[in-house]
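Chains as they are written, first to last, in our numbering: chain V, 13 to 283; chain D, 13 to 283; chain Z, 13 to 283; chain W, 13 to 283.
Every residue gets a Cβ at the ideal spot worked out from N, C-alpha and C, and that includes glycine.
Protein chains: 4
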Amino acid sequence: MYELARRESSTNTVVDVDGVRIGEGFCVIAGPCAIEDELQMETAARGVAAAGADLLRGGAYKPRTSPYSFQGLGDRGVALIAAASRRHRLGAVVEALDAEHVPLLAREVAMLQIGARNMQNFALIKVAARTGRPLLLKRGPAATLDELLFAAEYALLEGNPNVVLCERGVRGFDPHTRNLFDLAGALRLKELTHLPVIVDPSHATGRRSLVPPLVLAAAAAGLDGAILEVHPEPARACCDAEQALDLESFSELMNRLEALRPSKVATAASR
Amino acid sequence: MYELARRESSTNTVVDVDGVRIGEGFCVIAGPCAIEDELQMETAARGVAAAGADLLRGGAYKPRTSPYSFQGLGDRGVALIAAASRRHRLGAVVEALDAEHVPLLAREVAMLQIGARNMQNFALIKVAARTGRPLLLKRGPAATLDELLFAAEYALLEGNPNVVLCERGVRGFDPHTRNLFDLAGALRLKELTHLPVIVDPSHATGRRSLVPPLVLAAAAAGLDGAILEVHPEPARACCDAEQALDLESFSELMNRLEALRPSKVATAASR
Amino acid sequence: MYELARRESSTNTVVDVDGVRIGEGFCVIAGPCAIEDELQMETAARGVAAAGADLLRGGAYKPRTSPYSFQGLGDRGVALIAAASRRHRLGAVVEALDAEHVPLLAREVAMLQIGARNMQNFALIKVAARTGRPLLLKRGPAATLDELLFAAEYALLEGNPNVVLCERGVRGFDPHTRNLFDLAGALRLKELTHLPVIVDPSHATGRRSLVPPLVLAAAAAGLDGAILEVHPEPARACCDAEQALDLESFSELMNRLEALRPSKVATAASR
Amino acid sequence: MYELARRESSTNTVVDVDGVRIGEGFCVIAGPCAIEDELQMETAARGVAAAGADLLRGGAYKPRTSPYSFQGLGDRGVALIAAASRRHRLGAVVEALDAEHVPLLAREVAMLQIGARNMQNFALIKVAARTGRPLLLKRGPAATLDELLFAAEYALLEGNPNVVLCERGVRGFDPHTRNLFDLAGALRLKELTHLPVIVDPSHATGRRSLVPPLVLAAAAAGLDGAILEVHPEPARACCDAEQALDLESFSELMNRLEALRPSKVATAASR
Chain V
13 MYELARRESS
23 TNTVVDVDGV
33 RIGEGFCVIA
43 GPCAIEDELQ
53 METAARGVAA
63 AGADLLRGGA
73 YKPRTSPYSF
83 QGLGDRGVAL
93 IAAASRRHRL
103 GAVVEALDAE
113 HVPLLAREVA
123 MLQIGARNMQ
133 NFALIKVAAR
143 TGRPLLLKRG
153 PAATLDELLF
163 AAEYALLEGN
173 PNVVLCERGV
183 RGFDPHTRNL
193 FDLAGALRLK
203 ELTHLPVIVD
213 PSHATGRRSL
223 VPPLVLAAAA
233 AGLDGAILEV
243 HPEPARACCD
253 AEQALDLESF
263 SELMNRLEAL
273 RPSKVATAAS
283 R
Chain D
13 MYELARRESS
23 TNTVVDVDGV
33 RIGEGFCVIA
43 GPCAIEDELQ
53 METAARGVAA
63 AGADLLRGGA
73 YKPRTSPYSF
83 QGLGDRGVAL
93 IAAASRRHRL
103 GAVVEALDAE
113 HVPLLAREVA
123 MLQIGARNMQ
133 NFALIKVAAR
143 TGRPLLLKRG
153 PAATLDELLF
163 AAEYALLEGN
173 PNVVLCERGV
183 RGFDPHTRNL
193 FDLAGALRLK
203 ELTHLPVIVD
213 PSHATGRRSL
223 VPPLVLAAAA
233 AGLDGAILEV
243 HPEPARACCD
253 AEQALDLESF
263 SELMNRLEAL
273 RPSKVATAAS
283 R
Chain Z
13 MYELARRESS
23 TNTVVDVDGV
33 RIGEGFCVIA
43 GPCAIEDELQ
53 METAARGVAA
63 AGADLLRGGA
73 YKPRTSPYSF
83 QGLGDRGVAL
93 IAAASRRHRL
103 GAVVEALDAE
113 HVPLLAREVA
123 MLQIGARNMQ
133 NFALIKVAAR
143 TGRPLLLKRG
153 PAATLDELLF
163 AAEYALLEGN
173 PNVVLCERGV
183 RGFDPHTRNL
193 FDLAGALRLK
203 ELTHLPVIVD
213 PSHATGRRSL
223 VPPLVLAAAA
233 AGLDGAILEV
243 HPEPARACCD
253 AEQALDLESF
263 SELMNRLEAL
273 RPSKVATAAS
283 R
Chain W
13 MYELARRESS
23 TNTVVDVDGV
33 RIGEGFCVIA
43 GPCAIEDELQ
53 METAARGVAA
63 AGADLLRGGA
73 YKPRTSPYSF
83 QGLGDRGVAL
93 IAAASRRHRL
103 GAVVEALDAE
113 HVPLLAREVA
123 MLQIGARNMQ
133 NFALIKVAAR
143 TGRPLLLKRG
153 PAATLDELLF
163 AAEYALLEGN
173 PNVVLCERGV
183 RGFDPHTRNL
193 FDLAGALRLK
203 ELTHLPVIVD
213 PSHATGRRSL
223 VPPLVLAAAA
233 AGLDGAILEV
243 HPEPARACCD
253 AEQALDLESF
263 SELMNRLEAL
273 RPSKVATAAS
283 R
């Protein structure tokens, strides 16, 4: 059994990421799938900051199914997001694909992401955990909830308690959505563990029109946040163009989320 | 292509079930999985009516995996729910398992349900549709969205436009939940069709603690309603005891749903 | 638990279908997906008989996803396959979609099929079982092995011991095959039950090139037979054209199966 | 598209592993899940060599779901299998979990395995491919065939043409088997690529009784081989005890496979 990840009381772990307390209220992490150039990064960062995002996401090392797809800007991407992060006072979340990415990321960004493809890459999880940086651990598309919690346990055993879990869709059979978003699984996770649980409706569905209602759903259901893809010009995005929100839609979503908040707080209080 | 079920404009179909207009606002259908006896039916009906449910559900003919499980009260169950329905002025929703159940149900209850196991029992769908009664058509656990819409098309082609679709979970791999609740699929359905779409989080998860947050999620996401299992004494339920809410929890959920409503309306308006 | 379907000893049930003993050796059932006209039925029946098939299949009532697809010739199709069956001395296997099809089928054909979509249409299973005719019960695309065995139990409880189970693919996620052929599940079934277990690689894969190797695989693994689609002119088939073998390929497959037989016998003997 | 992995003619790639030519005939790779100690390794190696295995498998670095499970002997395990490999003249196949394992493995063993959990760990694949050693690339439990072929493409692009693909089960829903063995998918792979394709029925099913019939099935269907777990005393195995064959069962399987061979060759010739 996952001794450290297991919930043993009603107390929830709060993970502090550059002052943003994940596990208290509903946290929004937004930004482009891939960091493409300075202008795109800056425009995205300024836009999501203005709309009220809590943290900034952006991919520098991209795990692409095909070796012929854009593989990310690498270390230069890290420099770009780190600069945008400082300018807009938004902690940055960037995925580490390989142990060799970890030192630079630990120095430059607020939170390291372990992607779905690497959920059971325990060597990488351990290296990342040892930095002490908060980790965002995404559920793999065929992973059970217990497998995700055991993966988190690998990180916790390194002495790093700052682990946030993320549901991003499991493999489904319907071609209308890219994956099958398991909201009930994310809620069940909250019963099994004290760690914060957020959702990634962009990757879960691959379809931008479904992202705003699913973020609202996650907030109403009492989850801890969402990470989503926002791009200044989705049609020109280097990857996952179909699932990114533009800045206007993101801003509108943030307003709708705000409108939900009072009732959500009442809701949470009543539990 | 499903010519009749396909969305061609922003106009949504509203299905009138004994005066309850499914497709306008968020509709709640509640009641026991199986009708067990007069007292249980009456207590359940009175309780869900008092808490503000819109319609009353109850199973008279139960499609049970095992022939050794309780198979329902049959016609007597229909009489019990019909009486409770009249007493509490709540339209009743009952599943038809076989063409021979259809005439009695069409006479006694407000809405006929076609269950997930029968989603592609086209003979049954056609017989039920010909009664003109509103139909609640549940998605099968391995059905794609297109297959569900084609099944609805069989009903629509009989000249009955009153079809409500219901997502109740697809077959998943995680043992923590009975099925995998496909909220994103339900939202995608709303894009593909003008028919109302509701959810059944009781069957989707098989776990009562997950039902209230998923109902709130469905409402916040803009779906048209939920059908859920409520039992006066869940621990004594003849079937699916693990997923039924008791009356107090149901009442609390209805209050939380009410608290969500203003922001939900604002949300819907902003679309 | 499924008391009657459960294996309790090493004795296997043999189901006699017009003299063909399913459960002894490897049985081949072949014919068109849908009966289209007299010439097609006759050509198919003559061809599969000449190649050595044991039984003849053909659909008269077709359960089609779309109401706009060809729905089968109905009762006239039954007459055509019954005549071809007599001419070529091959027992016929035809699917019943509805209780009202059962009396005619029980009179005219050797074996009644309950299709995958109706695996949990218990009303239909019971009506079909009461005829005493052998039943071919197909596994639904989301059904567990236990659910299939419970469905068989409904038939066995009617006093009809002549039930053959069929694996025809479960819902998978890879677009290269129509379903996911669960050969290991079919083998596991043989451990759980004394009933014969055959496979349907045509529906399981939807791809004719994969049918012959999968039939050989099923035979080598020790299963009891295969049902497959054979059409005189696959390119002109009214339904499932992609998965039907032509007569020449079917004949070649039967030769390859024959070549496997000695070693298969040796294999079975060694267990 | 996967340019290098894609089949463009009927010519198949043959991968030479210490003189064993994978892609010609049916290759058997056998040995324990985890290398436990010198005696176990030696007994297993001697046994599988005597029974006619072509290559020896054994895990030194174990990717375990739980951090509390046995994690393998590490480098010492590599030394043990390398010694057994030399003594019995059987090339060894060992999984690399991390880039830092690769140099030792490339020096000591005949073939490097990339496990299912790392199928999209492209950094690891590239490092392993650059050694020039033959690679055994296992399909991930949620990977489509195209995703597997793209992963192979990452290796091929490093200039290493010696890639063997392995189907080891995808995530299924039935608790009777650990995974869902996708034999049809493995056959479809052979149509899509010129690379050899083998199967791992031990991990695919998690149940030793199903391993022999599935190996026979794979051979009859024309696949290129199987990798399976064999342990001198399965009941004492450190991991996956339920799926390992003992030496006697393995030897019996090799005899049954031999009996199948003539007809298999005839079969292949007729294609």
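> Helix or strand or just coil, what does DSSP make of ARG283/Z?
Replying inline: Because ARG283/Z carries a pLDDT of 41, less than 50, the predicted location of this residue cannot be relied on, and no value is offered for it.
>> Determine, for VAL211/W, whether the minimum Cβ-Cβ distance to residues of chain V falls below 9 Å.
In response: no
>> Do PHE262/D and ALA17/D have their beta-carbon atoms positioned less than 9 Å apart in this structure?
In response: No, Cβ-Cβ distance for ALA17/D and PHE262/D is not below 9 Å.
> Can you list, in chain order, the residues of its chain whose CB lies under 8 Å from that of GLU165/D, leaving out five sequence neighbours each side?
Replying inline: Close CB contacts of GLU165/D within its chain, under the 8 Å cut and outside five residues either way in sequence, are with TYR14, GLU15, LEU16, ALA17 (chain order).
>> Quick check: is the beta carbon of THR189/V nearer than 9 Å to any beta carbon in chain D?
In response: So yes, THR189/V belongs to the interface.
> Which of helix, strand or coil does DSSP assign to LEU16/V?
Replying inline: coil
> Quick one, which of LEU265/Z, CYS250/Z, THR205/Z has its alpha-carbon nearest GLN83/Z's?
Replying inline: Across the set LEU265/Z, CYS250/Z, THR205/Z, the C-alpha of CYS250/Z shows the shortest separation from the C-alpha of GLN83/Z.
> the region 222 to 244 of chain W: which residues have C-beta closer than 8 Å to a C-beta of chain Z, in chain order?
Replying inline: Within the region 222 to 244 of chain W, the residues whose Cβ lies closer than 8 Å to some Cβ of chain Z are LEU222, PRO225, LEU226, LEU228, ALA229, ALA230, ALA231, ALA232, ALA233, GLY234, listed in chain order.
> Taking Cβ positions only, does LEU204/W come closer than 9 Å to chain Z?
Replying inline: yes
> In chain order, what residues of the same chain lie with their CB nearer than 7 Å to the CB of GLU254/W, ignoring the 5 residues before and after it?
Replying inline: GLY218, ARG219, ARG220
> Quick one: complete alpha helix (DSSP H) runs, 4+ long, within the region 133 to 188 of chain D?
Replying inline: Complete alpha helix (DSSP H) runs here, min 4: 134 to 142, 157 to 168.
> Quick one: what's got a C-beta closer than 8 Å to THR189/W's C-beta in the same chain, skipping five residues either side?
Replying inline: GLY181, ALA216, THR217, GLY218, ARG219, LEU222
> What are the residues that DSSP puts in a beta bridge with GLU241/W?
Replying inline: BP columns for GLU241/W point to GLY43/W.
> How far does the alpha helix (DSSP H) with ARG58/D in it reach, from first residue to last?
Replying inline: The continuous alpha helix (DSSP H) containing ARG58/D extends over residues 50 to 63.
> My guess is that LEU102/Z and ALA141/Z are in contact by the Cβ rule of under 8 Å, so how many angstroms apart are they, rounded?
Replying inline: About 23 Å separates the two Cβ atoms, so there is no contact after all.
> Sorted by chain position, which residues of the same chain lie with C-beta nearer than 7 Å to ALA128/V's C-beta, five sequence neighbours on each side aside?
Replying inline: LYS150, ARG151, GLY152, PRO153, ARG180
> Run through DSSP, which three-state label would GLY197/D get?
Replying inline: helix
> Just checking, does the region 183 to 199 of chain W make contact with the region 194 to 207 of chain Z on the three C-beta pairs under 8 Å criterion?
Replying inline: yes
>> Restricting to Cα atoms, I'd like to know which of ARG88/V, ALA230/V, ARG76/V is closest to GLU50/V.
In response: ARG88/V
> Between GLU270/W and chain V, is there a C-beta pair that is closer than 9 Å?
Replying inline: GLU270/W does not count as touching chain V.
> Does the distance from the CB of LEU85/V to the CB of ILE47/V come in under 9 Å?
Replying inline: yes
> the ligand COA heavy atoms versus the CB of GLY71/Z: any closer than 8 Å?
Replying inline: No copy of the ligand COA occurs in the structure displayed, which carries no ligand at all.
> Do you know how far the Cα of GLN125/W is from the Cα of ARG69/W?
Replying inline: 10 Å
> Mapping DSSP to helix, strand and coil, what is ASP87/Z?
Replying inline: helix
>> Per the DSSP calculation, ILE93/Z is bridged to which residue(s)?
In response: None, per the DSSP bridge assignment.
> Under 9 Å between C-beta atoms, does ARG88/V make it to chain D?
Replying inline: Not closer than 9 Å to any Cβ of chain D, the Cβ of ARG88/V fails to qualify, so no.
> The beta strand (DSSP E) with VAL106/W in it runs from where to where?
Replying inline: 103 to 107
> So, using beta-carbon positions, are LEU207/W and VAL176/W closer together than 9 Å?
Replying inline: One thing to note: LEU207/W has its Cβ within 9 Å of the Cβ of VAL176/W.
> Does DSSP put VAL121/W in a helix, in a strand, or in coil?
Replying inline: In the three-state scheme derived from DSSP, where H, G and I count as helix and E and B as strand, VAL121/W is classed as coil.
> By how many angstroms is the C-alpha of ALA108/D removed from the C-alpha of ALA95/D?
Replying inline: The straight-line gap from Cα to Cα measures roughly 18 Å.
> Can you pull the DSSP bridge partners for ASP28/Z?
Replying inline: ARG33/Z
> What residues of chain W sit near THR156/Z, judged by a beta carbon separation below 8 Å?
Replying inline: PHE185, ASP186, PRO187, HIS188
>> So ARG58/V and HIS100/V are supposed to be a Cβ contact under 8 Å. How far apart are they, rounded?
In response: Contact flag correct, Cβ pair sits at about 6 Å.
> Who are the Cβ neighbours of GLU54/V in its own chain at under 6 Å, not counting the five residues just before and after it?
Replying inline: Cβ contact annotation for GLU54/V (same chain, cutoff 6 Å, sequence separation greater than five): ALA96, in chain order.
> In chain V, what lies closer than 7 Å to GLN132/W by C-beta?
Replying inline: PRO75, ARG129
>> I'd like to know whether the C-beta atoms of SER238/Z and ASP258/Z end up nearer to each other than 9 Å.
In response: Note that residue 238/Z is Ala in the sequence shown here, rather than Ser. No, Cβ-Cβ distance for ALA238/Z and ASP258/Z is not below 9 Å.
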